[in-house]
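Line order of the protein sequences matches chains A and B.
Mapping of the first sequence onto the working numbering: position 157 corresponds to residue 668, and the numbering continues sequentially without gaps.
Mapping of the second sequence onto the working numbering: position 139 corresponds to residue 650, and the numbering continues sequentially without gaps.
Glycine is no exception: its CB is placed at the ideal position from the N, C-alpha and C atoms.
Here the structure is a predicted model, which means the values were calculated and not measured.
There are 2 protein chains.
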Amino acid sequence: MNNKKIPEATISRLFVYLREVTELDKVNIRTISSSDLGERTNLSDAQVRKDLGYFGQFGVSGSGYAVGELKQSLEKILGKDKTWNVAMVGVGHLGSALLTYSGFSRHGLEIVAAFDTDIRKIGKTFENVVIKPIDDLSKIVAGKNISLSILSVPAREAQDVADILIEAGVKCILNFAPVSLNVPEHVKVKDMDLSRELETLAYFVAGKTNGKNK
Amino acid sequence: MNNKKIPEATISRLFVYLREVTELDKVNIRTISSSDLGERTNLSDAQVRKDLGYFGQFGVSGSGYAVGELKQSLEKILGKDKTWNVAMVGVGHLGSALLTYSGFSRHGLEIVAAFDTDIRKIGKTFENVVIKPIDDLSKIVAGKNISLSILSVPAREAQDVADILIEAGVKCILNFAPVSLNVPEHVKVKDMDLSRELETLAYFVAGKTNGKNK
DNA sequence: AGCTGTGAACCGTTTCACAGCC
DNA sequence: GGCTGTGAAACGGTTCACAGCT
Numbered sequence: 512m513n514n515k516k517i518p519e520a521t522i523s524r525l526f527v528y529l530r531e532v533t534e535l536d537k538v539n540i541r542t543i544s545s546s547d548l549g550e551r552t553n554l555s556d557a558q559v560r561k562d563l564g565y566f567g568q569f570g571v572s573g574s575g576y577a578v579g580e581l582k583q584s585l586e587k588i589l590g591k592d593k594t595w596n597v598a599m600v601g602v603g604h605l606g607s608a609l610l611t612y613s614g615f616s617r618h619g620l621e622i623v624a625a626f627d628t629d630i631r632k633i634g635k636t637f638e639n640v641v642i643k644p645i646d647d648l649s650k651i652v653a654g655k656n657i658s659l660s661i662l663s664v665p666a667r668e669a670q671d672v673a674d675i676l677i678e679a680g681v682k683c684i685l686n687f688a689p690v691s692l693n694v695p696e697h698v699k700v701k702d703m704d705l706s707r708e709l710e711t712l713a714y715f716v717a718g719k720t721n722g723k724n725k
Numbered sequence: 512m513n514n515k516k517i518p519e520a521t522i523s524r525l526f527v528y529l530r531e532v533t534e535l536d537k538v539n540i541r542t543i544s545s546s547d548l549g550e551r552t553n554l555s556d557a558q559v560r561k562d563l564g565y566f567g568q569f570g571v572s573g574s575g576y577a578v579g580e581l582k583q584s585l586e587k588i589l590g591k592d593k594t595w596n597v598a599m600v601g602v603g604h605l606g607s608a609l610l611t612y613s614g615f616s617r618h619g620l621e622i623v624a625a626f627d628t629d630i631r632k633i634g635k636t637f638e639n640v641v642i643k644p645i646d647d648l649s650k651i652v653a654g655k656n657i658s659l660s661i662l663s664v665p666a667r668e669a670q671d672v673a674d675i676l677i678e679a680g681v682k683c684i685l686n687f688a689p690v691s692l693n694v695p696e697h698v699k700v701k702d703m704d705l706s707r708e709l710e711t712l713a714y715f716v717a718g719k720t721n722g723k724n725k
């Protein structure tokens with residue numbers, strides 16, 4: 512075992528290993544080595560072993576990891592026996608697309624509430640979720656014990672809405688608004704700034720390639 | 512000056528500084544110190560100075576950075592005088608939301624082509640972009656000199672489509688499919704695995720908080 | 001022989017701390 | 001006095017390399 516601090520990147524990769532191992536299990540592959548698993552996930556064998564090593568020793572020297580066991584262990588570690596209630600704030604193009612995205616619930620993430628300021632949207636239903644006004648956010652988030660949220664409101668409203676979410680007890684924000692949110696220590700934010708990510712990628716190939724002068 | 516290798520994280524933050532400086536410029540603030548800029552972006556003053564330092568010395572000791580100049584310098588560094596053609600592949604809920612998202616073009620990213628396999632979608636138009644079959648991808652991507660792409664197809668199709676994109680000359684993929692894509696050295700991929708990001712956030716607050724047992 | 005688990009080395013990035021400039 | 005620019009130190013994470021298990 513090991514009680515050192517576990518890198519966030521390791522946790523994130525654990526979900527990737529679980530995904531892969533689940534596939535292997537489906538096709539009845541019983542055993543996988545760190546190097547094979549690394550190849551399937553574009554990671555090094557050492558990386559795979561080190562990541563798994565944080566949580567104990569479930570490999571077998573000489574043969575690798577038992578797929579079924581590894582799958583179960585990862586599910587346990589990652590809390591796959593739980594479901595999470597998620598609040599969605601901002602039901603524009605992106606927000607409504609995410610509301611109808613089935614990928615979340617497949618991973619134990621249930622969007623159980625959605626909010627918007629636009630009166631024309633309030634009362635509408637997407638995938639069994641009724642859009643409510645932001646004024647109701649506090650009560651609903653507390654009542655449904657929601658600690659995860661997705662923020663897809665326009666940039667200028669993002670900080671205000673984040674404040675309301677945090678005040679209501681939300682602990683995590685997946686932030687699609689292109690702004691730097693100010694949040695207290697105990698709240699985790701992950702920025703999903705699509706334009707910025709794409710521009711950053713572009714920067715590194717810009718030499719060889721072909722943006723056009725305006 | 513400085514010709515050391517520049518971290519990707521630095522480039523990504525440069526876009527954040529530019530965003531902030533653009534706001535400051537709008538409200539006629541003429542000067543900003545590294546610590547003020549750091550506060551606005553939730554970064555340390557040292558981080559701000561080091562990032563900017565990679566590209567020369569545009570600060571003024573004792574008073575800080577001239578907002579207008581810094582804005583221009585950042586625009587130049589980041590190639591904001593260019594526009595980029597982007598191909599969108601997979602026009603489901605998410606893909607069509609992204610097609611109608613105005614944030615991209617505001618940043619010089621023009622979605623100039625969109626593709627899908629679903630015959631019912633082909634020929635439809637979103638924001639002046641006509642959906643074409645994947646079979647036409649190669650020709651169109653080459654013809655329009657497209658080096659950036661957004662991949663929002665189902666997981667099982669993602670690798671095949673990525674191969675086609677790369678074969679056609681695309682250099683960057685913003686990947687919304689929850690799979691580890693195999694790509695050659697010269698192609699850059701940024702994974703946008705929404706469920707994984709949210710689950711990873713959840714993991715770190717799971718102790719204190721309240722996922723429900725299934 | 002094959003493969004894991006893990007200290008140690010390495011590398012990239014961030015933070016510190018201070019000399020130098022305005 | 002205030003703030004930049006930047007080497008040096010610290011940190012965090014990845015890769016190496018090998019002892020030990022099966």
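Asked: How do the region 626-638 of chain B and the region 601-617 of chain B stand: do at least 3 beta-carbon pairs fall below 8 angstroms, yes or no?; Found: yes
Asked: Using 8 angstroms as the threshold, is the region 678-688 of chain A in touch with the region 612-623 of chain A, meaning 3 or more CB pairs across them?; Found: no
Asked: Tell me the residue span of the alpha helix (DSSP H) that contains L692(A).; Found: No alpha helix (DSSP H) holds L692(A); DSSP gives it neither H nor E.
Asked: Ordered along the chain, which non-local residues of its own chain (more than five positions away) have a Cβ less than 8 angstroms from that of S658(A)?; Found: W595, N596, G680, V681, K682, C683
Asked: Work out the CA separation of R667(A) and S584(B) for me, nearest whole Å.; Found: 25 angstroms
Asked: Buried or exposed: G601(B), going by 16 or more other Cβ atoms within 10 Å of its Cβ?; Found: buried
Asked: Would the region 518-533 of chain B count as touching the region 548-560 of chain B if we require 3 or more Cβ pairs under 8 angstroms?; Found: yes
Asked: I need the boundaries of the alpha helix (DSSP H) containing V716(A), first residue and last residue.; Found: 705-716
Asked: At a Cβ cut of 7 angstroms, what residues of the region 553-572 of chain A count as close to chain B, listed as they run along the chain?; Found: N553
Asked: I think L676(B) touches S660(B), with their Cβ atoms under 8 angstroms apart; what is that distance to the nearest whole Å?; Found: 5 angstroms
Asked: Identify whether S660(B) lies in helix, strand or coil by the three-state DSSP scheme.; Found: strand
Asked: In angstroms with no decimal places, state the Cα-to-Cα distance between T720(B) and L709(A).; Found: For T720(B), the predicted structure reports a pLDDT of 49, less than 50, and the residue's modelled location is therefore unreliable. A value from the coordinates is still provided. T720(B) and L709(A): Cα-Cα distance of roughly 34 angstroms.
Asked: Please state the DSSP three-state secondary structure of V698(A).; Found: coil
Asked: When DSSP labels each residue in this structure, what does E550(A) get in the three-state scheme?; Found: helix
Asked: Rounded to the nearest angstrom, what separates T533(B) and K582(B) at their Cα positions?; Found: 6 angstroms
Asked: Where M599(B) and S706(A) are concerned, what is the direct C-alpha to C-alpha distance, given to the nearest angstrom?; Found: 14 angstroms
Asked: Applying the criterion that 16 or more other CB atoms from any shown protein chain within 10 Å of the CB defines a buried residue, is A653(A) buried or exposed?; Found: exposed
Asked: Determine the contact status of D627(A) and I642(A), defining contact as a CB-CB distance below 8 angstroms.; Found: yes
Asked: By DSSP, does T521(A) sit in helix, in strand, or in coil?; Found: helix
Asked: Kindly list the residues whose CB is nearer than 8 angstroms to the CB of I588(B), restricted to its own chain and excluding five residues on each side of it in sequence; keep chain order.; Found: L525, F566
Asked: Taking only the alpha-carbon atoms, compute the straight-line gap between K516(A) and L662(A) and give it to the nearest angstrom.; Found: 29 angstroms
Asked: Counting only the same chain and skipping the five closest in sequence on each side, list residues whose C-beta sits under 7 angstroms from that of K701(A).; Found: L685, N686
Asked: Decide if L543(B) is buried, meaning its Cβ has at least 16 other Cβ atoms within 10 Å, or exposed.; Found: The sequence shown places Ile at residue 543(B), rather than the Leu named in the question. Buried, since its Cβ has 16 or more Cβ neighbours within 10 Å.
Asked: Out of Q568(A), L712(A), N539(A), V694(A), which one is the CA nearest neighbour of H697(B)?; Found: L712(A)
Asked: Find the residues of chain B that neighbour L659(A), judging by a C-beta separation of less than 8 angstroms, and give them in chain order.; Found: L709, L712, A713
Asked: Are N553(B) and N539(A) close, meaning C-beta to C-beta below 8 angstroms?; Found: no
Asked: By alpha-carbon positions, which one of K593(B), D674(B), Y714(B) ends up nearest to P695(B)?; Found: D674(B)
Asked: What did DSSP end up calling A625(B) once you bin it into helix, strand or coil?; Found: strand
Asked: Go ahead and pull the three-state DSSP assignment for K593(A).; Found: strand
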